[in-house]
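**Student:** I am attaching a structure below and will ask some questions about it afterwards.
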Amino acid sequence: MEKVSVIIPAYNRSDLTVKTVKSVLAQTYNDVEVIVVDDGSTDDTRQKLLVFRDRIKYVFKQNGGACSARNLGIRLSTGRYIALLDCDDIYLPEKLDKSVAYLRKNRDFGLVHTSAYFIDENGNYIRRYPFFFTSPSGWISDRLVKKNFICNSTLVLRRECFERVGYFDESIFMPADWDMWLRLSEFYKCGYINQPLTLYRSSQSYVLANLERLKEECFVVLEKTFKRRSGLNRAQLLSNVYCWQALGYLKINEAEKAKKELSLALEKYTFNLQARCILILVKLFGKKLFKVLNRFKVI
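Note that the numbering used here has the sequence shown beginning at 358, numbered continuously upward.
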């Protein structure tokens, strides 16, 4: 059996980190290496994890962000496969078994991700992800550059992937995962298992409080991509970022700010039909649109 190294960056979420570790240790797949990289926690994370001292590798480092913690964990890992799991998410029992089986069967694929169940801070079910569609598989780069549809904590990949594309960019914080998936997708086929195998804790308070930073970092990710790939529709892709920003403002019921971002999206690329449709809806319904979209879990 080939070893899977599960990398868990942890920061000040001791109780949830314990639940996360337990979910990995309960996997039906037997050869698992669990590496928890404590990114400078000031709570009782270290003490809470002592109960697992003989079953996991625990490393403490100065706070440097989730990317630096992931990178350290990857460097310390010894598995043939590497799985990335946030410290507040949960693996369902067959997560690693089915992911490894997929990569064994599809040897020309470098990585695989799955569907997930979104849960709230208290572990209550929100919805299944993806909501409207099944994620594509194969050579997904052209789709992925338009929108990040890979859910964090569902990815398992071959070790050699990092040897080829490098590690997470530690200068990027919020969309660093998208940057990594884009780089991987340019060299490797990506698989998809249409079965929820991870419980993803959807806590968007930080993102929604830092929408401007998210927008600027998305622009950074795209600029990096433009340097690697010629022929991309630069205006359209930049326009998409403004559209995502508008949806973010709709989530916090900021209709006027959403309209501004949608207008910028259309200035950048006048054929952005999604932006045009949402702008019409915002103008027609204003704050009422937030209630409708939220009720049907569109946002």
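Backbone N, C-alpha and C fix where the C-beta goes; we use that ideal spot for every residue, glycine too.
Would you be able to state if there are at least three C-beta pairs under 8 Å between the segment 441-448 and the segment 363-370?
**Tutor:** Yes, they touch.
**Student:** Could you compute how far the alpha carbon of Phe525 sits from the alpha carbon of Leu541?
**Tutor:** Within the sequence shown, residue 525 is the residue found at index 168, counting from 1. Within the sequence shown, residue 541 is the residue found at index 184, counting from 1. In a straight line, the C-alpha of Phe525 is about 11 Å away from that of Leu541.
**Student:** Could you tell me if Trp496 is buried or exposed, where buried requires 16 or more neighbouring beta carbons within 10 angstroms of its beta carbon?
**Tutor:** As a position in the sequence shown, residue 496 is number 139, starting the count at 1. Burial call: exposed.
**Student:** In the DSSP output, which residue or residues are listed as bridge partners for Cys600?
**Tutor:** Residue 600 sits at position 243 when you count from the first residue of the sequence shown. DSSP output for Cys600 lists no bridge partner at all.
**Student:** Checking 9 Å against the spacing of the C-beta atoms, do Pro487 and Phe506 come in under that value?
**Tutor:** Here residue 487 is taken as the residue at index 130 of the sequence shown, counted from 1. Here residue 506 is taken as the residue at index 149 of the sequence shown, counted from 1. Their beta carbons are under 9 Å apart, which means Pro487 touches Phe506 by this criterion.
**Student:** Go through its chain and collect everything with a Cβ distance to Tyr626's Cβ below 6 Å, but skip five positions before and after it.
**Tutor:** Numbered from 1 along the sequence shown, position 269 holds the residue referred to as residue 626. The answer, listed in chain order, is Ala592, Gln593 and Ser596.
**Student:** Using a beta-carbon distance below 9 Å, is Pro493 in contact with chain D?
**Tutor:** Within the model displayed, chain D is absent; a lone protein chain is all it includes.
**Student:** Quick check on the burial criterion: 16 or more other C-beta atoms within 10 angstroms. Buried or exposed for Ser528?
**Tutor:** Walking along the sequence shown from the start, residue 528 turns up at place 171. It is exposed - the Cβ of Ser528 has fewer than 16 other Cβ atoms within 10 Å.
**Student:** When DSSP labels each residue in this structure, what does Gln631 get in the three-state scheme?
**Tutor:** Working through the sequence shown from its first residue, we reach residue 631 at position 274. Reduced to three states, the DSSP call for Gln631 is helix.
**Student:** Which residue from Val598, Asn629 and Leu554 puts its Cα closest to that of Ile476?
**Tutor:** The residue labelled residue 476 in the question sits at position 119 within the sequence shown. Cα-wise, what sits closest to Ile476 is Leu554.
**Student:** Taking just the CA atoms, how far does Asp400 sit from Lys616?
**Tutor:** Along the sequence shown, one-based indexing puts residue 616 at 259. Along the sequence shown, one-based indexing puts residue 400 at 43. Each residue's Cα considered, the two are about 41 Å apart.
**Student:** In the structure shown, what three-state DSSP assignment does Phe417 receive?
**Tutor:** Counting from one through the sequence shown, the residue named residue 417 turns up at place 60. If DSSP states are grouped into helix, strand and coil, Phe417 belongs with the strands.
**Student:** On the criterion of 16 or more Cβ atoms from any shown chain inside 10 Å, does Val408 qualify as buried, or is it exposed?
**Tutor:** The residue given as residue 408 occupies position 51 in the sequence shown. Exposed: under 16 other Cβ atoms inside 10 Å.
**Student:** So, helix, strand or coil for Phe475, using DSSP?
**Tutor:** Counting from 1 along the sequence shown, the entry for residue 475 is found at position 118. The answer is strand: DSSP assigns Phe475 an E or B state.
**Student:** At which residues does the beta strand (DSSP E) containing Leu514 begin and terminate?
**Tutor:** Here residue 514 is taken as the residue at index 157 of the sequence shown, counted from 1. Val513 to Arg515 is the extent of the beta strand (DSSP E) around Leu514.
**Student:** Name the DSSP beta bridge partners of Pro553, please?
**Tutor:** Position 196 of the sequence shown, counting from 1, holds the residue named residue 553. The partner list for Pro553 (beta bridge, DSSP) reads Ser472.
**Student:** Within 10 angstroms of its Cβ, does Arg484 collect 16 or more other Cβ (buried), or is it exposed?
**Tutor:** As a working mapping, residue 484 is identified with position 127 in the sequence shown. Arg484 is exposed by the Cβ-count criterion.
**Student:** By the 10 Å Cβ neighbour count, where 16 or more other Cβ atoms means buried, how is Phe653 classified, buried or exposed?
**Tutor:** By one-based count along the sequence shown, residue 653 stands at place 296. Note on Phe653: pLDDT 47, under 50, position unreliable in the model; the coordinate value appears next. Its Cβ having fewer than 16 others within 10 Å, Phe653 is exposed.
**Student:** Counting along the chain, where does the beta strand (DSSP E) carrying Glu390 start and finish?
**Tutor:** Numbered from its first residue, the sequence shown carries residue 390 at position 33. Start and end: Val389 to Asp396.
**Student:** For Val655, count neighbouring C-beta atoms within 10 Å of its own C-beta (all shown protein chains included) and say buried if the count is 16 or more, exposed if not.
**Tutor:** Reading the sequence shown from its first residue, position 298 is the one you call residue 655. At Val655, the pLDDT of 49 sits below 50, so the modelled position is not reliable; the number obtained from the coordinates is stated separately. Its Cβ having fewer than 16 others within 10 Å, Val655 is exposed.
**Student:** Classify Thr377 as helix, strand or coil using the three-state DSSP reduction.
**Tutor:** Numbered from its first residue, the sequence shown carries residue 377 at position 20. DSSP places Thr377 in helix when its eight states are reduced to three.
**Student:** Quick one: give me the first and last residue of the beta strand (DSSP E) that Ile497 is part of.
**Tutor:** Residue numbering aside, residue 497 sits at position 140 when the sequence shown is read from its first letter. First-last for Ile497: undefined, no H or E at that position.
**Student:** Quick one: grab the DSSP three-state call for Leu595.
**Tutor:** Stepping through the sequence shown from its first residue, residue 595 is reached at position 238. Note: Leu595 maps to helix in three-state DSSP.
**Student:** For Ser434 and Glu517, I'd like the C-alpha separation in whole angstroms.
**Tutor:** Taking the first residue of the sequence shown as 1, we reach residue 434 at position 77. Taking the first residue of the sequence shown as 1, we reach residue 517 at position 160. So the two alpha carbons sit approximately 12 Å from each other.
**Student:** On the CB-based measure, 16 or more other CB atoms within 10 Å of its CB, does Ala383 come out buried or exposed?
**Tutor:** For the purposes of this step, residue 383 is identified with residue 26 of the sequence shown, where counting begins at 1. So Ala383 counts as exposed.
**Student:** Between which two residues does the alpha helix (DSSP H) containing Tyr459 stretch?
**Tutor:** Here the question's residue 459 lines up with position 102 in the sequence shown. Element bounds for Tyr459: Lys452 to Lys462.
**Student:** Taking only three categories from DSSP, how would you classify Ile637?
**Tutor:** Along the sequence shown, one-based indexing puts residue 637 at 280. Helix.
**Student:** Note the first and the last residue of the continuous alpha helix (DSSP H) segment covering Val363.
**Tutor:** Position 6 of the sequence shown, counted from the start, is the residue given in the question as residue 363. Per DSSP, Val363 belongs to no alpha helix (DSSP H); it is in the beta strand (DSSP E), Val361 to Ala367.
**Student:** Take Pro450 and list the residues in its own chain whose beta-carbon comes closer than 7 Å to its own, dropping the five residues that flank it on each side.
**Tutor:** As a first step, residue 450 must be located in the sequence shown, where it is residue number 93. Correct list, in chain order: Ala383, Gln384 and Thr385.
**Student:** Quick check on the burial criterion: 16 or more other C-beta atoms within 10 angstroms. Buried or exposed for Lys503?
**Tutor:** For the purposes of this step, residue 503 is taken as residue 146 along the sequence shown, with counting starting at 1. Result: exposed.
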